[in-house]
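**Q** Questions regarding the structure given below will be posed in turn.
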Amino acid sequence: MPLEGLHHITAITADAPGNVDFHVRVLGLRLVKKTVNFDEPSVYHLYYGDEVGAPGSILTFFEFPGAAPGRPGAGMVHAIRWRVGSPEALAFWEARLAAHEVPAARDGDVLLFRDPEGLAHELLVSRGADAPLVAHAPDIPAEHALQGFHGVRAYAGNPERSEPLLRALGFAREGDEAHWTLAGAERHAQLLYDPAPPEHGIQGAGTIHHVAWSAADDAELETFAAHAAAAGARATPVIDRQYFHSVYFREPSGVLFELASRDIGFAVDEPVATLGGALKLPPQHERLRPVLEQRLTPLPDPRAVA
Ligand code: ZN
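In this note's numbering, the protein residues as written are 144 to 449.
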């Protein structure tokens, strides 16, 4: 089976409380998992998404308290594109962002804004048949809510280098530009390459660390990792991320890709009704809980801030 569009996007924040406030209170996403960076468990890994944490809606942040602001450059994803349901929804967001003192600008059919740490977002009206992936924020009418990812924009110096790998993963090119679509049976995602700025990128607060494409299960991870390897990528073994299994490799333009499986999900260690409510730790880090609960930055109650 093909990959089913985007699974999740992972970025970096220096300010976990501010990050919760923006994504839950302003954007209306649900905090669906509060855990730690499995590779560095002294800091948070926060996951936002739709009401059930569906792949295709998951935006995650590694917290590095006090990290310097980053700057996107060649080989980095620099903008997240979200779907909304209608032109009226775009108008709703234009007004809502203004009310929350978030500068936003219209560029034709797209609404552009940045999060408090400078990460770029774009909202555009969905024209496809993918099911909307919506969270139930109390002050956002369901018909205006964000509906999940449409795609991402990356910077590349020579995006043609990425073509063999993208084709091996099932991406198809749209027209002559370096614009690609990953079409699954149910979900579609776009990968747009933009000319890279002259300055090199700096991975820091407000930048995107990697993007994950959606695979069904371990068998598909192995299959697509083999396709990637045949196209020249150096893929990791399958890694257990508790809520999905993952394979990582860098694509030839430099963007860190992950393939993540859909067959586990965020309800594996807490009920859907209370997703994101408690600090969840994977078994290998559970012994650190007393220390972590003392040291991690206190967070606002996510739905209380909404
Ligand atoms: Zn990831």
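All residues carry an ideal CB built from backbone N, CA and C; glycine is no exception.
Label residue 287 either buried or exposed according to how many other C-beta atoms from any shown protein chain fall within 10 Å of its C-beta, with 16 as the threshold for buried.
**A** Taking the sequence shown and counting its residues from 1, the one referred to as residue 287 is at position 144. Buried, because 16 or more other Cβ atoms sit within 10 Å of the Cβ of residue 287.
**Q** What did DSSP end up calling residue 150 once you bin it into helix, strand or coil?
**A** In the sequence shown, counting from the first residue as 1, residue 150 sits at position 7. Looking at residue 150 - three-state DSSP - the assignment turns out to be strand.
**Q** Could you name the residues, in chain order, whose CB is less than 5 Å away from a heavy atom belonging to the ligand ZN?
**A** Going by the Cβ distance cut-off, the answer is 153, 355 and 401.
**Q** Check for me: the alpha helix (DSSP H) holding residue 333 runs from which residue to which?
**A** Residue mapping note: residue 333 aligns to position 190 of the sequence shown, counting from 1. Note, residue 333: premise wrong, no alpha helix (DSSP H); beta strand (DSSP E) at 331-338.
**Q** Helix, strand or coil for residue 400, going by three-state DSSP, please let me know.
**A** Start at 1 with the first residue of the sequence shown, and residue 400 comes out as number 257. In the structure shown, residue 400 sits in a strand (DSSP, three-state: E or B).
**Q** Between residue 297 and residue 398, how many whole angstroms is the CB-CB distance? I'm expecting something under 8 Å.
**A** On the sequence shown, residue 297 is found 154 positions in, with the first residue counted as 1. On the sequence shown, residue 398 is found 255 positions in, with the first residue counted as 1. Contact holds; Cβ gap of about 5 Å.
**Q** Among the residues of its own chain, which have a CB less than 6 Å from the CB of residue 415, if the five just before and after it don't count?
**A** Taking the sequence shown and counting its residues from 1, one reaches residue 415 at position 272. Cβ neighbours of residue 415 beyond the five flanking positions: 195.
**Q** Ignoring anything shorter than 4 residues, give me the alpha helix (DSSP H) runs that lie fully in the region 282-334, in order along the chain.
**A** Counting only runs of 4 or more, we get 306-312.
**Q** Can you give the Cα-Cα distance for residue 411 and residue 390, rounded to whole angstroms?
**A** For the purposes of this step, residue 411 is taken as residue 268 along the sequence shown, with counting starting at 1. For the purposes of this step, residue 390 is taken as residue 247 along the sequence shown, with counting starting at 1. Approximately 20 Å between the Cα atoms of the pair.
**Q** For residue 161, report the span of its alpha helix (DSSP H) as first-last.
**A** In the sequence shown, the residue the question calls residue 161 occupies position 18. Run containing residue 161: 159-163, per the alpha helix (DSSP H) assignment.
**Q** Relative to the C-alpha of residue 349, which residue among 148, 145 and 162 is closest?
**A** Along the sequence shown, one-based indexing puts residue 349 at 206. The shortest C-alpha separation from residue 349 is found at 162.
**Q** Is the Cβ-Cβ distance between residue 450 and residue 254 less than 7 Å?
**A** Given that the chain is displayed from residue 144 to residue 449, the structure contains no residue 450 and the question cannot be resolved.
**Q** Closest by CA to residue 393, which one among 382, 353 and 188?
**A** Within the sequence shown, residue 393 is the residue found at index 250, counting from 1. Nearest of 382, 353 and 188 to residue 393, Cα basis: 353.
**Q** So, residue 285 versus residue 173, is the Cβ gap smaller than 7 Å?
**A** The residue labelled residue 285 in the question sits at position 142 within the sequence shown. The residue labelled residue 173 in the question sits at position 30 within the sequence shown. Not closer than 7 Å, so no.
**Q** Note down the Cα distance separating residue 316 from residue 191, rounded to an integer number of angstroms.
**A** Taking the first residue of the sequence shown as 1, we reach residue 316 at position 173. Taking the first residue of the sequence shown as 1, we reach residue 191 at position 48. Cα-Cα distance, rounded: 30 Å.
**Q** What does residue 250 pair with, by DSSP beta-bridge criteria?
**A** Locating residue 250 in the sequence shown gives position 107, where the first residue counts as 1. 253.
**Q** Go ahead and label residue 385 buried or exposed: buried means 16 or more other beta carbons lie within 10 angstroms of its beta carbon, across all protein chains shown.
**A** Stepping through the sequence shown from its first residue, residue 385 is reached at position 242. Classification for residue 385: buried.
**Q** For residue 364 versus residue 381, is the C-beta spacing smaller than 7 Å?
**A** In the sequence shown, residue 364 corresponds to position 221, counting from 1. In the sequence shown, residue 381 corresponds to position 238, counting from 1. Yes, the pair counts as a contact, with Cβ atoms nearer than the cut-off.
**Q** Please state whether the Cβ-Cβ distance between residue 376 and residue 309 is less than 7 Å.
**A** Your numbering for residue 376 matches position 233 in the sequence shown. Your numbering for residue 309 matches position 166 in the sequence shown. Cβ distance not < 7 Å, so residue 376 and residue 309 don't count as in contact.
**Q** Using a 10 Å radius around the Cβ and a threshold of 16 neighbouring Cβ atoms, would you call residue 333 buried or exposed?
**A** Along the sequence shown, read from residue 1 onward, the residue named residue 333 stands at position 190. Buried: at least 16 other Cβ atoms inside 10 Å.
**Q** Tell me the rounded alpha-carbon separation between residue 312 and residue 395.
**A** Taking the sequence shown and counting its residues from 1, one reaches residue 312 at position 169. Taking the sequence shown and counting its residues from 1, one reaches residue 395 at position 252. Distance between the alpha carbons of residue 312 and residue 395: 13 Å.
**Q** Under 6 Å Cβ to Cβ from residue 256, same chain only, skipping five residues before and after it: list those, please.
**A** Position 113 of the sequence shown, counted from the start, is the residue given in the question as residue 256. Excluding sequence neighbours, residue 256 sits near 240, 245, 247 and 264.
**Q** Please report the straight-line C-alpha distance between residue 157 and residue 216, rounded to a whole angstrom.
**A** Here residue 157 refers to the residue found at position 14 when the sequence shown is read from its first residue. Here residue 216 refers to the residue found at position 73 when the sequence shown is read from its first residue. Those two C-alpha atoms are separated by around 19 Å.
**Q** In this structure, does DSSP put residue 182 in helix, strand or coil?
**A** Looking up residue 182 in the sequence shown gives position 39. The answer is coil: DSSP assigns residue 182 none of H, G, I, E or B.
**Q** How about residue 331 and residue 199: do their beta carbons lie closer than 7 Å?
**A** Locating residue 331 in the sequence shown gives position 188, where the first residue counts as 1. Locating residue 199 in the sequence shown gives position 56, where the first residue counts as 1. Cβ atoms of residue 331 and residue 199: not closer than 7 Å.
**Q** Can you tell me whether residue 427 is buried or exposed? The criterion is at least 16 other CB atoms within 10 Å of its CB, across all chains shown.
**A** Against the sequence shown, residue 427 aligns to sequence position 284. Exposed: under 16 other Cβ atoms inside 10 Å.
**Q** Could you tell me the boundaries of the alpha helix (DSSP H) in which residue 434 lies?
**A** Residue mapping note: residue 434 aligns to position 291 of the sequence shown, counting from 1. Its alpha helix (DSSP H) spans residues 432-438.
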